Ligand SMILES: Nc1ncnc2c1ncn2[C@@H]1O[C@H](COP(=O)(O)OP(=O)(O)OP(=O)(O)O)[C@@H](O)[C@H]1O
Ligand SMILES: [Mg+2]
């Protein structure tokens with residue numbers, strides 16, 4: 001019995017420690033920072049200082065003066081200015097659209113890989129992850145060249161549009177470019193969990209469904225799709241969450257109009273050096289994602305057992 | 001008109017012939033069994049009936065209509081798969097409702113019909129369970145209920161009991177017979193278990209290497225196998241090489257190699273000099289320390305007990321005849337207080353009536 005508990009701690013200890021050090025503590029520090037004031041030169045207003053007389057580090061904050069050090073103003077600012085909320089909505093929209101497009105593209109691909117002869121599958125999966133072998137920024141810069149006004153792609157598109165009498169469009173530095181590159185960057189993260197799921201499906205179930213009268217569409221919709229939902233959720237999380245916080249892609253291909261919440265957070269920390277407000281934005285983003293995940297779980301759970 | 005008619009069906013995979021010129025017909029309401037060793041083409045034949053494979057040649061007629069080109073989902077034929085193939089994301093009730101939904105049965109009727117078959121297979125209280133929450137036997141019953149609920153013209157069962165343990169298998173066999181009587185649906189049942197086939201079927205087609213070796217009612221298949229293969233495959237059987245030496249009114253004299261002369265019923269096509277096998281079931285042989293001289297319809301041999309196999313209800317005695325031939329016999333352990341009658345090396349006598357054995361041509 002005791003050995004058992006010891007073993008449990010030994011096994012779960014390192015990951016717990018890892019989570020504590022690199023997730024829980026940093027998150028707590030950031031949550032705390034959201035209630036503080038920015039410092040004179042950016043960053044945070046210090047809570048302690050070296051006393052020039054004694055040369056010792058002293059706590060500046062105390063029960064009487066804590067209002068000078070802690071505030072809810074950062075949150076108030078977030079809720080008062082609609083521009084932040086709008087940027088949230090826009091970022092969720094971008095990330096959601098990216099997730100849906102990735103799903104639509106990745107599902108058939110993952111299905112085809114899962115149904116291809118066993119000896120080819122590993123090679124096909126390798127091809128899916130091959131882009132990871134080149135640097136992320138290089139891949140995004142390549143898109144800048146492809147989408148740029150001098151690129152063949154943009155020129156051919158505009159040539160076609162010209163024929164039907166629609167003026168030339170700018171591809172780079174647009175919403176379109178942001179979504180396109182977000183999809184491109186995240187597609188493998190959708191393909192892999194879907195493939196892992198679809199590959200395990202029991203083909204007998206499809207035979208049974210067909211035998212019992214289901215046509216191809218019904219076999220997909222009633223058997224394959226519901227059984228692949230764990231893969232869909234995993235892929236959606238792996239795409240949606242990073243896409244939501246992405247700042248490099250909108251920075252490079254989005255232009256002024258294409259920025260997302262990630263850009264704003266980065267701006268707060270690096271450019272305006274308003275760490276408290278940057279922390280507020282980060283926390284609100286985390287909370288929003290958690291709420292969304294909770295909602296998804298609730299929807300996923302709903303009383304299926306008694307339905308017929 | 002037969003419900004199902006299979007006419008000269010051939011199916012090959014590459015240069016391997018899995019089903020070789022099979023013809024048979026199944027009557028409505030029949031419990032028909034395809035019996036044969038592993039790899040003899042039973043599943044392949046069943047998959048052609050379900051529509052998953054197309055015959056290379058020959059026809060399959062259901063209610064007199066050729067079903068060639070009709071896809072599985074359009075055939076009034078449902079299958080109970082060996083692996084059950086229950087949908088893991090659906091409850092028992094949802095699994096059973098599936099074929100009704102596919103057939104667009106009105107929602108109101110679905111509930112009533114699901115409840116009805118749930119009752120038939122005694123699973124009413126498990127309706128809201130998922131397949132992984134059931135035992136093997138319960139899953140089996142769900143699979144059967146799901147295949148039955150939409151009242152197919154033909155129910156195909158591919159070794160449905162092979163994953164169950166012996167005790168449960170026996171219970172399910174009885175349930176299957178009752179269920180089939182109750183619903184009156186025609187069953188085509190595949191098994192490689194001869195005991196199961198004999199117990200369940202109205203008629204059996206014994207298959208060997210893609211062909212039908214014998215097709216008849218269980219009693220005939222058992223007592224009058226038409227070939228050495230069938231005799232050997234069905235139950236325990238002594239196979240004694242024999243040559244026909246004389247035929248007179250209603251009897252045939254056989255020279256059993258190294259044993260002596262025995263008599264048997266004549267069979268069609270056996271002429272003097274024909275070689276073949278005398279098939280003789282162990283339970284038809286009399287065994288005793290000394291047997292009274294019977295009438296002249298009996299054949300007598302002497303030997304000694306070579307091996308005893310105590311099976312509980314009966315004991316199998318392998319008797320070595322004077323010339324070394326081994327003959328399997330059995331005695332029921334009926335006498336009270338006596339577990340078995342002989343021991344190794346006891347001197348015994350064997351006898352059987354002339355019509356106990358059945359001669360098949362080689
Ligand atoms: N799709 C296929 N491709 C190639 N050969 C096949 C295919 N399906 C079946 N066979 C071969 O056809 C033969 C008959 O197979 P089948 O599955 O019908 O046997 P079975 O009688 O059902 O045997 P078992 O009792 O083991 O299930 C086997 O030798 C098998 O290897
Ligand atoms: Mg089989």
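Protein chains in written order, with UniProt numbering: chain A, 1 to 308; chain B, 1 to 362. Beta carbons are placed, not taken as given, at the ideal position from N, Cα and C, and that holds for glycine. As the structure is a prediction and not an experimental result, all values here were calculated from the model.
Check: residue 79/B C-beta below 7 angstroms from any heavy atom of ligand 2: no
Based on DSSP bridge pairs, tell me the residues matched to residue 275/B. 243/B
How many Å lie between residue 137/A and residue 182/A at the Cα? 12 angstroms
Where does residue 228/B sit, in a helix, a strand or coil, going by DSSP? helix
Whole beta strand (DSSP E) elements within the region 41 to 129 of chain B, 3-residue minimum: 57 to 62, 77 to 80
Which residues are close to ligand 1, meaning CB closer than 5 angstroms to any heavy atom, in chain order? 13/B, 18/B, 38/B, 39/B, 40/B, 41/B, 42/B, 43/B, 44/B, 192/B
Pull up the DSSP beta-bridge partners for residue 154/B, would you. 77/B, 186/B
Members of the region 108 to 121 of chain B that neighbour chain A once the beta carbon cut-off is set at 9 angstroms: 110, 111, 114
Considering only residues of the same chain and omitting the five flanking positions on each side of residue 134/B, which have a CB-CB separation below 8 angstroms? 92, 126, 142
Would you give the residue range spanned by the alpha helix (DSSP H) that residue 161/A belongs to? 152 to 163
With a Cβ-Cβ cutoff of 8 angstroms, do residue 305/B and residue 330/B count as a contact? no
At a threshold of 7 angstroms, does residue 313/B count as lining ligand 2 (C-beta to nearest heavy atom)? no
Taking the C-alpha atoms as reference points, what is the distance between residue 150/A and residue 78/A? 41 angstroms
Any beta carbon of chain B sitting closer than 8 angstroms to that of residue 226/A? yes
Roughly how far, in whole angstroms, is the beta-carbon of residue 252/B from the beta-carbon of residue 268/B, given that I think they are within contact range, below 8 angstroms? 11 angstroms between Cβ atoms; not a contact.
Compute the Euclidean distance between the alpha carbons of residue 175/B and residue 214/A, then round it to the nearest angstrom. 28 angstroms
Can you find the residues in the same chain that come closer than 6 angstroms, C-beta to C-beta, to residue 124/B, ignoring five residues on each side of it along the sequence? 118
Could you have a look at residue 340/B and say whether DSSP puts it in helix, strand or coil? coil
Going along chain A in order, which residues have a C-beta closer than 9 angstroms to the C-beta of residue 146/B? 208, 212
Within the continuous beta strand (DSSP E) that includes residue 23/B, where are the two ends? 16 to 26
For residue 115/A, return the contacting residues in chain B, with the cut-off set at a CB-CB distance below 9 angstroms. Neighbours of residue 115/A on chain B: none; closest Cβ ~17 angstroms, over 9 angstroms.
Applying a beta-carbon distance threshold of less than 9 angstroms, which residues of chain B neighbour residue 298/A? Result: empty, since nearest Cβ-Cβ is about 18 angstroms, beyond 9 angstroms.
Short of 6 angstroms in beta carbon distance, which residues of its chain neighbour residue 247/A, apart from the five on each side in sequence? Order them along the chain. 262, 263, 266
For residue 120/B, count neighbouring C-beta atoms within 10 Å of its own C-beta (all shown protein chains included) and say buried if the count is 16 or more, exposed if not. buried
Of all the CB atoms in chain A, is at least one closer than 8 angstroms to the CB of residue 334/B? no
Between the CA atoms of residue 185/A and residue 145/A - distance to the nearest angstrom: 16 angstroms
Fully enclosed by the region 163 to 242 of chain A, which alpha helix (DSSP H) runs are 4 residues long or longer? 175 to 198, 203 to 211, 216 to 219
Between which two residues does the beta strand (DSSP E) holding residue 267/A run? Run containing residue 267/A: none; DSSP gives neither H nor E here.
Check whether the Cβ atoms of residue 190/A and residue 238/A sit closer than 8 angstroms, and answer yes or no. yes
What separation, rounded to the nearest whole angstrom, lies between the Cα atoms of residue 7/A and residue 126/A? 37 angstroms
Within chain B, partners of residue 21/A - CB distance below 9 angstroms: What residue 21/A touches in chain B: nothing, since even the nearest Cβ is about 38 angstroms away.
Quick one: any contact between the region 25 to 35 of chain A and the region 66 to 85 of chain A, if contact means 3 or more CB pairs under 8 angstroms? yes
Short Cβ contact (8 angstroms threshold) for residue 25/B with residue 4/B: yes
Simplified DSSP assignment, three categories, for residue 217/B: coil
Whose C-beta lies closer than 8 angstroms to the C-beta of residue 173/B among residues of the same chain, with five residues either side of it excluded? 161, 196, 199, 200
Using the Cα positions of residue 75/B and residue 48/B, report the straight-line distance between them to the nearest angstrom. 11 angstroms
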